[in-house]
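Structure record follows, encoded as structure tokens.
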């Protein structure tokens, strides 16, 4: 799912004749020093940025674009990003309904199956860091197209793995193909997110949230389509068909995707990740991706054993999570852009709701609630909405924090943030299925899901505590600045004694 950038509201300031009180404006400027620097001349309407919610510290984030009409270049960027989101998520999600059972037939244990899912994320993590750092050197368009081409090719190769002898050879080939797919996906999605943030510098949350519709659509279509094709035509057809679809998108993107160039930045991932706010948000991203990854190797097995559903219907169970995430993501992105002061609380409460969902997914034995199929689907729907609340807010928050701490506004910083987002997502996507497969074997789905909920609960509480402390510090700083400003005014009004 992938990588985002902040959007800050802006407002118009009319001339003095439009009703503004110059004295009141001057008084407000005295209380917050940076507003004096940002105040426009009062002759013609100008666009200025809205202060941060505390009103006292930090520069403004950026102006809202006054025109909502998309340029031809922006439309092409949206088409390219939508194609990679849709194609890659379909290829990724088709494994869920039937691959665990096929792998079991080939001699793979539940733990090994979890590791096959998880290795994708591990190498996606490493590749995201590398590609994010060297995005400007490699070129965003080349990275995007090459990543998509390789991803489509290895998806086709995954479809012939059933011809490989069972046992260690089959397992080794699964790992190899998944690793190559992970590296290619990291290249494409890091480039895609960076290009989007460059093309829509003031509307990133809305654009990213809207494009998550295509990611969610890929998640929606992948499992049921994969399950149907598997039941109708066997193991090979789902992978070969979807891999060819991705390959057909390559020449389209070569023609329409614009080139973006930028100078290499001076900052590193280390300087970004050691920022406290970025570190905590990274923990949230890891928690969310771990929750999604946990369901890949475990949910299908749980549904098959608990409710005796065929593989095609198992894909429909995944539909509840993917569809709710798809619908809610653009709405959350729009809300995040229109009211950026709510972004942090969307992030916090989204995590807390997610924690409750995983507790009820089994449900956890200590709740003494009987497991029912309708309840499982309902919880997955709510989980999709809560995940969107948290996830869409993370990329803008990280990029905003980076700019506030001296990172330059350009493609190099966007590449760093995109790479960091992809890396943190991959950490959770590795831990989730790997640990999930192990815990499923040892303690069962119900307790394993409850432990996953505990992780989400911890990240939500930690993030909420951080925001409360940050708000408290800003209020104290604001009071101090107001006090100093009042003393300066009083000193200036006193007559000079000679």
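Numbering (the UniProt record's numbering), first residue to last: 1 to 498.
Where a beta carbon is used, it is the ideal one built from N, C-alpha and C, also for glycine.
Have a look at residue i and residue j and give me their C-alpha separation to the nearest angstrom.
i: residue 94; j: residue 241; result: 11 Å
i: residue 384; j: residue 331; result: 13 Å
i: residue 417; j: residue 285; result: 13 Å
i: residue 299; j: residue 445; result: 8 Å
i: residue 295; j: residue 117; result: 11 Å
i: residue 456; j: residue 255; result: 42 Å
i: residue 233; j: residue 243; result: 16 Å
i: residue 257; j: residue 185; result: 17 Å
i: residue 372; j: residue 407; result: 50 Å
i: residue 142; j: residue 130; result: 15 Å
i: residue 92; j: residue 348; result: 28 Å
i: residue 110; j: residue 103; result: 9 Å
i: residue 277; j: residue 470; result: 9 Å
i: residue 140; j: residue 147; result: 11 Å
i: residue 122; j: residue 387; result: 21 Å
i: residue 171; j: residue 223; result: 22 Å
i: residue 428; j: residue 135; result: 23 Å
i: residue 107; j: residue 342; result: 49 Å
i: residue 304; j: residue 99; result: 13 Å
Ordered along the chain, which non-local residues of its own chain (more than five positions away) have a Cβ less than 6 Å from that of residue i?
i: residue 33; result: Bear in mind that the predicted position of residue 33 carries a pLDDT of just 35, short of 50, making it too unreliable to give a figure here.
i: residue 320; result: 377, 380, 381
i: residue 334; result: 206
i: residue 199; result: 74, 77
i: residue 247; result: 152
i: residue 162; result: 235
i: residue 173; result: 161, 164
i: residue 253; result: 80, 145
i: residue 209; result: 329, 330, 332, 333, 392
i: residue 237; result: 229
i: residue 283; result: 459
i: residue 127; result: 183, 186
i: residue 356; result: none
i: residue 361; result: 379, 449
Looking at the secondary structure, which residues open and close the alpha helix (DSSP H) in which residue i lies?
i: residue 387; result: 373 to 404
i: residue 292; result: 276 to 307
i: residue 127; result: 110 to 133
i: residue 162; result: Careful: residue 162 lies outside any alpha helix (DSSP H) and carries neither H nor E.
i: residue 157; result: 140 to 158
i: residue 241; result: 236 to 256
i: residue 73; result: 72 to 93
i: residue 271; result: 269 to 273
i: residue 370; result: Element bounds for residue 370: n/a, residue is neither H nor E.
i: residue 351; result: 343 to 361
For residue i, which of the options has the nearest alpha-carbon?
i: residue 177; options: 151, 306, 343, 328; result: 151
i: residue 218; options: 302, 90, 477, 469; result: 90
i: residue 269; options: 367, 419, 221, 147; result: 419
i: residue 297; options: 192, 440, 469; result: 440
i: residue 448; options: 106, 347, 365; result: 365
i: residue 397; options: 192, 429, 345; result: 345
i: residue 231; options: 287, 313, 302; result: 313
i: residue 434; options: 223, 221, 291; result: 291
i: residue 226; options: 316, 72, 463; result: 316
i: residue 287; options: 426, 181, 323, 193; result: 426
i: residue 337; options: 272, 389, 100, 147; result: 389
i: residue 432; options: 468, 358, 394, 464; result: 358
i: residue 154; options: 97, 245, 100, 214; result: 245
i: residue 175; options: 138, 120, 213; result: 120
Residue i: buried (16+ other C-beta within 10 angstroms of its C-beta) or exposed?
i: residue 473; result: exposed
i: residue 183; result: buried
i: residue 279; result: exposed
i: residue 339; result: exposed
i: residue 133; result: buried
i: residue 112; result: buried
i: residue 124; result: buried
i: residue 169; result: exposed
i: residue 452; result: buried
i: residue 114; result: buried
i: residue 167; result: exposed
i: residue 259; result: exposed
i: residue 310; result: exposed
i: residue 221; result: buried
i: residue 251; result: exposed
i: residue 367; result: exposed
i: residue 71; result: exposed
At a threshold of 7 Å, does residue i count as lining the ligand ZN (C-beta to nearest heavy atom)?
i: residue 242; result: Looking for the ligand ZN in the displayed structure turns up nothing, as the structure carries no ligands at all.
Whose C-beta lies closer than 8 Å to the C-beta of residue i among residues of the same chain, with five residues either side of it excluded?
i: residue 211; result: 78, 81, 82, 85, 196
i: residue 159; result: 235, 236, 237, 238, 239, 240, 243
i: residue 275; result: 401, 402, 405
Ordered along the chain, which non-local residues of its own chain (more than five positions away) have a Cβ less than 7 Å from that of residue i?
i: residue 21; result: Since pLDDT at residue 21 reaches only 41, below the 50 mark, its modelled position is unreliable, and no value is offered.
i: residue 324; result: 381, 384, 385
Under 8 Å between C-beta atoms, does residue i make it to chain C?
i: residue 441; result: Going by chain labels, chain C is absent from the structure shown, which holds only one protein chain.
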